[in-house]
């Protein structure tokens with residue numbers, strides 16, 4: 062008598078699931094310090110923006126400063142969204158690309174500071 066084994070679609074071994082999630086886990090761990098730096102920058106800009114409003118600035122400068130102070134929140138939202146979207150993809154190629162997008166979302170502001178010379182004054 063022969064035994065038949067059935068594999069269900071979508072079911073995988075726990076070890077296989079960890080391996081599939083590895084690019085997203087690495088992106089999440091490497092992106093966390095970058096995300097903290099982005100939120101720190103936004104906090105500093107928000108504190109500076111308060112004084113600029115007290116001095117009286119033009120509308121375009123005020124809008125730019127408000128967007129800069131919200132940029133850390135935007136990075137956080139995109140970081141979480143890209144991690145979530147990456148978990149829904151099945152192939153390695155898509156998971157790796159969403160992991161790269163996650164790292165770029167977390168590192169957008171720190172990379173911007175690096176190239177614009179923000180750390181030269183700190």
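Numbering (this note's numbering), first residue to last: 62 to 183.
Even glycine gets a Cβ: it sits at the ideal position worked out from N, Cα and C.
Note that the structure is predicted; figures quoted are calculated from it, not measured.
Tell me the residue span of the alpha helix (DSSP H) that contains residue i.
i: residue 109; result: 75–116
i: residue 119; result: Looking at the DSSP string, residue 119 is not in any alpha helix (DSSP H), and its letter there is neither H nor E.
i: residue 168; result: 153–177
With a CB to CB cut of under 6 Å and the five nearest residues on each side skipped, what residues in its chain are close to residue i?
i: residue 88; result: 160, 163, 164
Residue i CB to nearest chain C CB: under 8 Å?
i: residue 154; result: No chain C appears in this structure, which consists of one protein chain only.
Please confirm if the stretch 161–169 is in contact with the stretch 88–100, defined as three or more CB-CB distances below 8 Å between the two stretches. yes
Counting Cβ pairs closer than 8 Å, one from the stretch 101–113 and one from the stretch 123–134, do we hit at least three? yes
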